[in-house]
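In order, the protein sequences belong to chains A and B. FYI, in our numbering the residues of the first sequence are 1 to 446. FYI, in our numbering the residues of the second sequence are 1001 to 1175. Input: a single structure, listed below in structure tokens.
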Amino acid sequence: MNFAGSQLAAVLADVRRGMIPAHIYGDPQIFALERMRLFARSWVFLAHESEIPDRGDYVVRRVLADSFIVARDESGAVRVMFNMCLHRGMQVCRAEMGNASHFRCPYHAWTYRNDGSLTGLPFHAEAYGGEDGFPREGQSLLPAPALGIHNGLIFISLDPGVPPLREYLGDFAFYLDFYTRQSPAGVELRGPQRWRVKANWKIGAENFAGDSYHTPHTHASVVDIGLFREPKASKRKEGALYVAGPGAGTTYKLPPGGDFAGQLRYVGYPEEMIPAMAASWSAGQRALIADSGFMVSAATLFPNLSLVHNWPQIDERGTVAPFISLRQWQPVSERETEVLSWFAVDAAAPGDFKRDSYKAYLMCFGSSGMFEQDDVENWVSITEMAAGSMARRLKLNSRMGLTAAGQPIKPPLATFAGPGVAYQGFGEFNQRHWLRQWSDHLEDPR
Amino acid sequence: MTARPLPYGDPAHQAAHQFLVEEAALLDTADYSGWLDLLCEDIRYLMPVRVTTARGAGFDSLADMGHFDEDMYALRKRVQRLATDHAWTEDPPSRTRHFVTNVRTFRNEARAPAEFLVESAVLLFRSRGDTREADLVSAGRADLLRETGAGLRLARREITVDEAVLRTQNLAVFL
């Protein structure tokens, strides 16, 4: 890499003070560093257990260029295996989903059980001299170096020395429950919709982490048409932004005076779901809604898993239905990202609610979503500009919420029931938090 | 449903084919309110997510997840949005061309008023700005056209897109 250490140090110093050298959103050298120092080390989301409910079910997912089979083996355990034959390196599974007891390499028919172990090898005696020449015992597709599951969310890390997933999630686990543990049944995922956008992967991750400031303008059209009442600036600026562990997110301020059940009804949850939510969430989690009066909306878990929870109007009668989406910003290159967008819903929710929530999702987010359409237009445009020469002379101001001396313009919320640090109103605290983690990874040469 | 498509000379086939061509003209001139007028009030407009599966898997699209799964309310909202001053992704607008071909019409004998199943292929060319590469979206369509007093109207459309990973930045367009 012809990227001098001093150059990198200067870039990271700028990023850490909230003045972002614009070229990081379109720079192949930065992307090479992200590949080696970030994606080869961090916990990365792959799939949810509800996508592989039965023995033999599998999905194939990537961490950048590395393809992994995520399978439920014959004992019911989740296995994540590098999708490359031990012999000549062919992909042993070329479908993206299905059900199989074995994976057979098309090249020479080496065959693996769905737990990864090598079980078949043609002409073992004649070609290899049997077990003496090539002992099959203990041979297996390479397992993911580290595997962690939380609320059914399956993460891997390419770094076997990574701290355990639960430790990594830290205080963000508190917020993750609002999206993925609304009842003891947990969440079920559908999809993903997959599409490629000519945008740098970081922009979406930062946006979901904390950009409440873009909502009133970028998404003005959805307010214009009466699809979602909340994004207008007068309401958006009352929301809280929180930073917790490796994650950060945005919230909306709920109407004053509501109790726990009333606030959930306000965002469209039916009566029958509310007792399970009350039982599934801790006193602190309930208090965030009932006492602090905030409802989670967009969030990002570093590095590239984002979540969103909104509650649009889904029919002429004015029915408000909330939806949840998980989305991953899968880098293809410094200027292209594959978006994977799942619809998520409480597995125990009534059928009518699942139908309404799915409709709400499709109208708002995903490949056709009316929010997401305008987001991606911004991100593609930024990426296009970031690849040029002038972008190397421009530092993007990401200091919102700070004085010139680097102090918050107002104190953190004193009564916010969630862990971490929260500020009410607009600010770029969350994006800077995300970028600090990014900087820490990029400067670590190990 | 007749098993064989109507002959190309059949007036019903010609009317169905002309419907699709007129519809494409409305979409390519961004006359979306005109397009809505071609839809039945009970329209279902579907585009399942296609997936890569083994030949023997028995499915190659997701039964419970689409790129679109729209009723009239949802389609009206999309059209209303494009008509606001704030639908940034289509301002400046894409230049689009819907190429419609491979049209086959089947008569549904059982239904009154008359309904026709019309299969077609559509290739959408979409160009934005002056520096980006243009996008192509290729899809098959299975439409249900219903005879009404005002002419044929679209009662159902299922779009079978030919990519598992779309190569267009969003679906702020109709197929």
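Where is the CB? At the ideal position from N, CA and C, for every residue including glycine. This structure is a prediction, so every number in the text was calculated from the model and none was measured.
- A straight line joining the alpha-carbon of Thr383/A with that of Arg392/A spans about 13 Å.
- Here Val223/A is not near Gly268/A, since their CB atoms are 8 Å or more apart.
- Pairing Lys235/A with Lys253/A gives a Cβ-Cβ distance under 8 Å.
- Secondary structure at Asp1069/B: strand, using DSSP grouped into helix, strand and coil.
- Any Cβ of chain A closer than 8 Å to the Cβ of Gly1066/B would place that residue at the interface, and such an atom is present.
- Contact of Arg1156/B with chain A is not assigned, every C-beta pair being separated by 8 Å or more.
- Contact of Glu272/A with chain B by beta-carbon distance below 7 Å is absent, the smallest such distance being about 21 Å.
- With respect to the 8 Å criterion, Val345/A and Val187/A are classified as neighbours on the basis of their beta carbons.
- Contact annotation for Tyr1073/B against chain A: Ile314, Asp315 and Glu316 [CB-CB distance below 8 Å, chain order].
- Here the region 199-218 of chain A makes contact with the region 426-436 of chain A; the two share three or more CB pairs at distances below 8 Å.
- Tyr112/A sits away from Arg88/A, with the two beta carbons spaced by 8 Å or more.
- When the five nearest sequence neighbours on each side are left out, the beta carbons in the same chain lying within less than 7 Å of the beta carbon of Val1079/B are those of Tyr1032, Ser1033 and Leu1036, in order along the chain.
- For Thr415/A, the number of other beta carbons within 10 angstroms of its own is below 16, and it is reported as exposed.
- Boundaries for Leu1171/B: no beta strand (DSSP E) harbours it, and the DSSP string shows neither H nor E there.
- Sixteen is the threshold: since fewer than 16 other Cβ atoms of the shown chains lie within 10 Å of the Cβ of Val1021/B, the residue is exposed.
- In the structure shown, the three-state DSSP call for Val60/A is strand.
- Residues of the same chain with a CB within less than 7 Å of the CB of Thr1089/B, apart from the 5 flanking positions on each side, are Asn1170 and Ala1172 in chain order.
- Counting only runs of 3 or more residues that sit fully inside the region 302-376 of chain A, the beta strand (DSSP E) segments are 305-310, 323-333 and 336-346, in chain order.
- DSSP, read as helix, strand or coil, puts Asp444/A in coil.
- Residue state for Ile69/A is assigned as strand, using DSSP reduced to three classes.
- Within the region 1084-1095 of chain B, the residues whose Cβ lies closer than 7 Å to any Cβ of chain A are, in chain order, Thr1084, His1086, Ala1087, Trp1088 and Thr1089.
- Not a single C-beta of chain B is nearer than 8 Å to the C-beta of Met19/A.
- For chain A, none of the residues of the region 1098-1115 of chain B brings a beta carbon within less than 9 Å of one of its beta carbons.
- DSSP places Thr1053/B in the coil class of the three-state scheme, outside both helix and strand.
- Across the region 188-199 of chain A, CB contacts with chain B closer than 9 Å involve Arg190, Gly191, Pro192, Gln193, Arg194, Trp195, Arg196, Val197, Lys198 and Ala199, in sequence order along the chain.
- Listed in chain order, the positions of the region 1042-1054 of chain B with a beta carbon within less than 7 Å of a beta carbon of chain A are Val1049, Val1051, Thr1052, Thr1053 and Ala1054.
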